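J.: 384 is the number of the first residue of the sequence shown in my numbering; add one for each residue after it. Note that the Cβ used here is the ideal one computed from N, Cα and C, for glycine as well. No experiment lies behind these values; they were computed from the predicted model shown.
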Amino acid sequence: KYRFGVLLALMLFSLYVFLLTCSLLIFSIVGLVHVWSHSRTHWYAEYNRWREKTEQSVEMRPLSLDWKDASELGWHDVIHIVMLPSYKTPMSVLEETLMA
């Protein structure tokens, strides 16, 4: 006794949810692979290689007074700040989070 439009709408919605779930699964796997591959990278060695490459190419650049480059930035000049939302969070939970 169902109408054709209701069945069609339910089938289309089910197809939409299925495709959304599949795309979520695929992009989650891609994200995990990226995180895994980048966590195995030795970033300080990569930075040193990049520094050597930019220092070699400095001689080929034209001199300019107002020209600034990221090669002037040192490894210890970058500071990362991690912000944790901690409103009404017990101190024991925050200590566990920071120790992990």
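1) According to DSSP, is Tyr427 helix, strand or coil?
2) Which of the three DSSP states is assigned to Val461 in this structure?
3) Got a sec, what are the start and stop residues for the alpha helix (DSSP H) Leu391 sits in?
4) Alpha carbon to alpha carbon, what distance is there between Trp433 and Asp460?
5) CB-CB under 7 Å to Phe387, same chain, minus the five flanking residues each way: which ones, in chain order?
6) Let me know the secondary structure DSSP gives Leu467 once reduced to three states.
7) Is the distance from the Cβ of Leu467 to the Cβ of Leu456 below 8 Å?
8) Out of Ala428, Met474 and Lys436, which one is the CA nearest neighbour of Trp458?
T.: A quick look at the data gives this:
1) Indexing the sequence shown from 1 puts residue 427 at position 44. Helix at Tyr427.
2) What you label residue 461 is simply residue 78 of the sequence shown in a count that begins at 1. Of the three classes helix, strand and coil, the one that applies to Val461 here is coil, per DSSP.
3) Counting from one through the sequence shown, the residue named residue 391 turns up at place 8. Annotation for Leu391: the continuous alpha helix (DSSP H) segment containing it runs Phe387 to Ser422.
4) Translated into the one-based positions of the sequence shown, residue 460 becomes position 77. Translated into the one-based positions of the sequence shown, residue 433 becomes position 50. Asp460 and Trp433: Cα-Cα distance of roughly 16 Å.
5) Against the sequence shown, residue 387 aligns to sequence position 4. Same-chain partners within the cutoff: there are none.
6) Mapped onto the sequence shown, residue 467 falls at position 84. In this structure, DSSP gives Leu467 a state outside helix and strand, which the three-state scheme calls coil.
7) For this step, residue 467 is matched to residue 84 along the sequence shown. For this step, residue 456 is matched to residue 73 along the sequence shown. Not closer than 8 Å, so no.
8) Position 75 of the sequence shown holds residue 458. Taking only the C-alpha atoms, the option nearest Trp458 is Ala428.
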